[in-house]
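Notes for the one structure printed next.
Chains as they are written, first to last, in the numbering used here: chain F, 1 to 552; chain L, 1 to 184.
And the structure:
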């Protein structure tokens, strides 16, 4: 039996898609929210480090299934290899209702005003596709606020002198520092820096009918056993369903967006949970499948009118892939600096995000999420033995004595870091898969060295008996912070979507995930993706006349 | 490291653990291998014990059952690594017999350690490694040993959370704050 026509299809139930589904459903549109994974199930994956979303050794707790979702990695010499979610090099992001917001560390950053105007603040960068966003921080500010209050953020920006202006405080008080946070905050203060507690999408007090965080050691990489961590799966998506206007259709793999001779889209073709081919028609389609999978969908949706895929008339779909090089330093202390109060990260500095001599952008520094034992077995100073007695000795003596600071460096986007599709490699359903190629702009590595040296400076001041830097390299971005592959812009020749996330020449096709981000900030991007979800939804609902989408 | 009551107790446990390492124990469990032959398993057990040896902190890879972890995963998630294990173990045995006149597991600890270091650095005679890169094989076994020793017991290794005990971590991993007495 054919599916009933609906007003809107949203592809991907993550940070962006969950928000859009709820906003549209609340405005009376009928919505089907498609998700390739299922509902997250805490009980199935309790505390298993080898199947955590952070360490995908034996599988991913929240998907994607490594048996069904291969990708291709194209090396710099042109050779390629097939990768899976457990093989490394995959650019992994969770595939379940809520996606990464189920198992993330939940940092709730607003980008800074400069993050939207990087090019005009610092000037052009040779060999890059650096561009300003077509929207400003002021444009997005009300939507950040909405995300903070509807999904739930703990924090206090008044302690951060670099915090962007806001109209309303975050809804919950900030978390206290853990032991490592206290030690490093004091050291930072002595150096004239400005420590403050990290804003978090976790409950510092009971909020929205759910309890406060219990400081679980196994937080990041896992679902919360008490539901004190806020994602779209336990906030906006249930709210969307409660309207009666939104159906969440799980275990469905979307294959392509269908469009007619006029170029407008009319629905999607997908495979249902029994792997049966299906069609769902709608008045509009909103893609929020992540920067890699949204780009793949656009590229796989070829017609005579769009021979290179939807939105791809000027070859911009899939370009500018970003995903943050993490960079920082670690220090060995002669006391137990770690108390394993979850999630681990509690303290941040924004002293190095902008306006540092010779640095374009920069990045936030924070202490690290708890390293579980297997992860820690890879944490060693350079030159240390990777096995044997010495390795084991370090593990036993030091798992609680290593502290660190690290952060995501603001990437300078480039044309060759990209997503394509590989027609010769198919997924479980026969759909051509994502191929990733290129590398980061060389300047990123210089910026990483800068931030790592600052991190090391704080650790030394804190009394570390030995310190070493971990400097981010030039490897291709992707992963949980993936961004940039369907960038927004005012010029259709140099972007995929307009300032409202609407694909330039297709008025009823939208993007509402990290793909839109022109640049990716020196921060974890999830709150920005949520805010973009509200921003795009606002435009859609303002142009919905009650029965049809007003074509522009 | 200060020798408090806890580390004294741990040393005691380690001493007991070493008794459990007698060869009779190993052959008794060998009937359960899913992938390895008894011969391959004996070699790999010795190799893993070099990677994570028994020491003053407590037992090593053998006592933790790292081989059970690897054996189990090789017929499941790591099935694509089956060949490299067979080829790697066979090459290592070949080297050991040619260079030292004994099988790897029969060598003394120092000789085993020396072979491991050479293997890690790709310095064993290339003629013995026609099918597999020796340092790649070694780093694979290192990675899997770490997973088996430090990962959760439910996958076959880290018997009774022994590595967690050695690190003085609560086990199973604690849910909630009640165990964190130092928390602010």
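Don't be surprised by glycine CBs; every beta carbon is placed ideally from N, CA and C. Keep in mind it's a predicted model, so treat the numbers as computed, not measured.
Next on the checklist: I'd like to know if residue 147(L) contacts chain F, where contact means its C-beta is closer than 7 Å to some C-beta of that chain.
Outcome noted: Contacts with chain F at 7 Å (Cβ-Cβ) include residue 147(L).
Item to check | Helix, strand or coil at residue 368(F) [DSSP, three-state] | outcome: Residue state, collapsed to three classes: coil.
Item to check | Partners in chain F for residue 152(L), counting only beta-carbon separations shorter than 8 Å | outcome: Residues of chain F with a Cβ closer than 8 Å to the Cβ of residue 152(L) are, in chain order, 47, 48, 49, 50.
Checklist entry - Is residue 119(L) buried or exposed, if buried means 16 or more other CB atoms sit within 10 Å of its CB? => result The residue in question, residue 119(L), is buried, as its Cβ has 16 or more Cβ neighbours within 10 Å.
Checklist entry - Which runs of the alpha helix (DSSP H) spanning at least 4 residues fall entirely within the segment 149 to 187 of chain F, listed in chain order? => result List check, alpha helix (DSSP H) in window: nothing returned.
Checklist entry - Is there contact here, the segment 21 to 28 of chain F with the segment 206 to 216 of chain F, by at least three beta-carbon pairs under 8 Å? => result Contact fails: fewer than three Cβ-Cβ distances are below 8 Å.
Checklist entry - Does DSSP put residue 189(F) in a helix, a strand or coil? => result Here residue 189(F) carries a helix assignment [DSSP, helix/strand/coil].
Checklist entry - Assuming residue 332(F) and residue 398(F) make a contact with CB atoms under 8 Å, what is their CB distance in whole Å? => result Confirmed, about 6 Å.
Item to check | Where the segment 154 to 169 of chain L meets chain F: residues whose CB sits under 9 Å from a CB there | outcome: Hits within the stretch, in order: 154, 155, 158, 163, 164, 166, 167, 168, 169.
Checklist entry - Near residue 114(F), what residues of its chain come up, given a Cβ to Cβ distance below 7 Å and the 5 sequence neighbours on each side ignored? => result Close CB contacts of residue 114(F) within its chain, under the 7 Å cut and outside five residues either way in sequence, are with 121, 354 (chain order).
Item to check | Residue closest to residue 584(F), alpha-carbon to alpha-carbon, out of 43(L), 132(L), 92(L), 148(L) | outcome: As displayed, chain F neither begins before 1 nor continues past 552, which places residue 584(F) out of reach and without an answer.
Checklist entry - Within the 7 Å Cβ cut-off, does residue 114(L) reach chain F? => result When Cβ-Cβ separations below 7 Å define contact, residue 114(L) makes no contact with chain F.
Checklist entry - Do residue 180(F) and residue 338(F) have their C-beta atoms closer together than 7 Å? => result Contact annotation: residue 180(F) and residue 338(F) have beta-carbon atoms nearer than 7 Å.
Checklist entry - Given that residue 74(F) touches chain L, what residues does it touch there, using C-beta distances under 7 Å? => result Ordered by position in chain L, no residue passes the 7 Å Cβ test against residue 74(F), which lies about 20 Å from the chain.
Item to check | Endpoints, the beta strand (DSSP E) within which residue 420(F) is located | outcome: Start and end: 418 to 426.
Checklist entry - Between the segment 282 to 309 of chain F and chain L, which residues of the former have a C-beta closer than 9 Å to a C-beta of the latter? => result Near chain L, meaning a CB-to-CB distance below 9 Å, no residue of the segment 282 to 309 of chain F qualifies.
Item to check | Identity of the residues DSSP links to residue 503(F) by a beta bridge | outcome: Partner(s): 497(F).
Checklist entry - Listed in chain order, which residues of the segment 369 to 388 of chain F have Cβ atoms closer than 9 Å to some Cβ of chain L? => result Within the segment 369 to 388 of chain F, the residues whose Cβ lies closer than 9 Å to some Cβ of chain L are 372, 373, 374, 375, 376, 377, 378, 386, 387, 388, listed in chain order.
Checklist entry - Secondary structure at residue 550(F), three-state DSSP: helix, strand or coil? => result Coil.
Checklist entry - Which one or two residues does DSSP pair with residue 55(L) in a beta bridge? => result DSSP lists 58(L) as partners of residue 55(L).
Next on the checklist: Would you call the segment 504 to 516 of chain F in contact with the segment 276 to 287 of chain F, where contact means no fewer than 3 C-beta pairs closer than 8 Å?
Outcome noted: By the criterion of at least three beta-carbon pairs nearer than 8 Å, the segment 504 to 516 of chain F is in contact with the segment 276 to 287 of chain F.
Checklist entry - What residues in the segment 390 to 402 of chain F have a beta carbon less than 9 Å from any beta carbon of chain L? => result Listed by position, the residues of the segment 390 to 402 of chain F near chain L (Cβ gap below 9 Å) are 391, 392, 393, 395, 396, 397, 399, 400.
Next on the checklist: Does chain F have any CB closer than 7 Å to the CB of residue 55(L)?
Outcome noted: True, the Cβ-Cβ gap to chain F drops below 7 Å.
Checklist entry - If you pair each beta-carbon of the segment 340 to 357 of chain F with each one of the segment 308 to 326 of chain F, do three or more pairs fall below 8 Å? => result No, the segment 340 to 357 of chain F is not in contact with the segment 308 to 326 of chain F.
Item to check | C-beta neighbour in chain L for residue 57(F), strict 7 Å | outcome: At least one C-beta of chain L is nearer than 7 Å to the C-beta of residue 57(F).
Checklist entry - How is residue 229(F) classed by DSSP in three states: helix, strand or coil? => result Here residue 229(F) sits in strand by DSSP.
Checklist entry - Ordered along the chain, which non-local residues of its own chain (more than five positions away) have a Cβ less than 6 Å from that of residue 93(F)? => result Result list for residue 93(F): 100, 290, 480, in chain order.
Checklist entry - Quick one, which of 19(F), 525(F), 300(F) has its alpha-carbon nearest residue 430(F)'s? => result Comparing C-alpha distances from residue 430(F) to each of 19(F), 525(F), 300(F) shows the shortest one belongs to 300(F).
Checklist entry - Does residue 45(L) get closer than 7 Å to chain F when you measure Cβ to Cβ? => result Taking CB atoms only, residue 45(L) has no neighbour in chain F less than 7 Å away.
Next on the checklist: If I follow the unbroken beta strand (DSSP E) through residue 511(F), where does it start and stop?
Outcome noted: Unbroken beta strand (DSSP E) run through residue 511(F): 509 to 511.
Next on the checklist: Can you list, in chain order, the residues of its chain with a C-beta nearer than 7 Å to that of residue 82(L)? Leave out the 5 residues immediately preceding and following it.
Outcome noted: Residues 35, 74 of the same chain have their beta carbon placed closer than 7 Å to that of residue 82(L), with the five preceding and five following residues left out of the count.
Item to check | Residues within the segment 402 to 434 of chain F neighbouring chain L, beta-carbon criterion of under 9 Å | outcome: Answer set for the segment 402 to 434 of chain F: empty.
Checklist entry - If you compare alpha carbons, which of 303(F), 530(F), 292(F), 194(F) is closest to residue 72(F)? => result Of the candidates 303(F), 530(F), 292(F), 194(F), the one whose C-alpha sits nearest the C-alpha of residue 72(F) is 292(F).
Checklist entry - So, are the CB atoms of residue 365(F) and residue 403(F) less than 7 Å apart? => result No, these two residues do not count as a Cβ contact at 7 Å.
Checklist entry - Can a CB atom of chain F be found closer than 7 Å to the CB of residue 51(L)? => result True, the Cβ-Cβ gap to chain F drops below 7 Å.
Item to check | Three-way DSSP call (helix, strand, coil) for residue 145(L) in this model | outcome: Per DSSP, reduced to three states, the secondary structure at residue 145(L) is helical.
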